[in-house]
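Participant:
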Amino acid sequence: MENTIERYESYAQAERQLIPSDSGHQASSSQEPKKLAARIEVLQRNIRNYAGEDLETMSLRELQQLEPQIDTALKRIRSRKNQLINESISELQKKVKLYCI
């Protein structure tokens with residue numbers, strides 16, 4: 001979880017660098033599209049990284065932070081898959097008992 005927070009903070013910092021702070025009294029609504037565009041860019045980059053794409057642009061530290069996130073996701077996927085397989089087996093066993101009686 002700590003790695004996720006650190007990664008988010010690094011991307012948030014990158015966003016702040018992309019969008020200079022508004023020191024005037026300009027309406028915040030004019031900055032909103034730029035902020036959303038930057039946020040979309042960060043999220044799209046994260047998705048590509050989670051899919052194993054664009055890894056050559058990542059630093060060693062970023063890769064080390066990405067690895068446990070992917071490991072956790074894989075564990076969740078396997079757990080859900082096993083749960084569905086077990087439910088399917090149980091249903092099939094019930095059908096076998098029903099038809100064998």
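Following UniProt numbering, the numbering of the sequence shown begins with 1 at its first residue and continues without gaps.
A virtual CB, placed ideally from N, CA and C, is assigned to each residue, including glycine.
1) Out of TYR99, GLN83, ALA51 and LYS35, which one is the CA nearest neighbour of ILE70?
2) Quick check on DSSP: helix, strand or coil for GLU53?
3) Taking TYR8 as the reference, give the member of SER29, GLU62, LEU55 and THR57 with the closest Cα.
4) Considering only the beta carbon of each residue, do LEU66 and ASN49 sit closer than 7 Å?
5) Which residues bound the alpha helix (DSSP H) around ILE70?
6) Rounded to a whole number of angstroms, what is the C-alpha to C-alpha distance between GLU53 and ILE89?
7) For GLN31, which of helix, strand or coil comes out of DSSP?
Facilitator: Here's the rundown:
1) ALA51
2) In the three-state reduction of the DSSP assignment, GLU53 falls in the coil class.
3) Residue GLU62 holds the alpha-carbon nearest to the alpha-carbon of TYR8 among SER29, GLU62, LEU55 and THR57.
4) yes
5) 60 to 100 is the extent of the alpha helix (DSSP H) around ILE70.
6) 36 Å
7) coil
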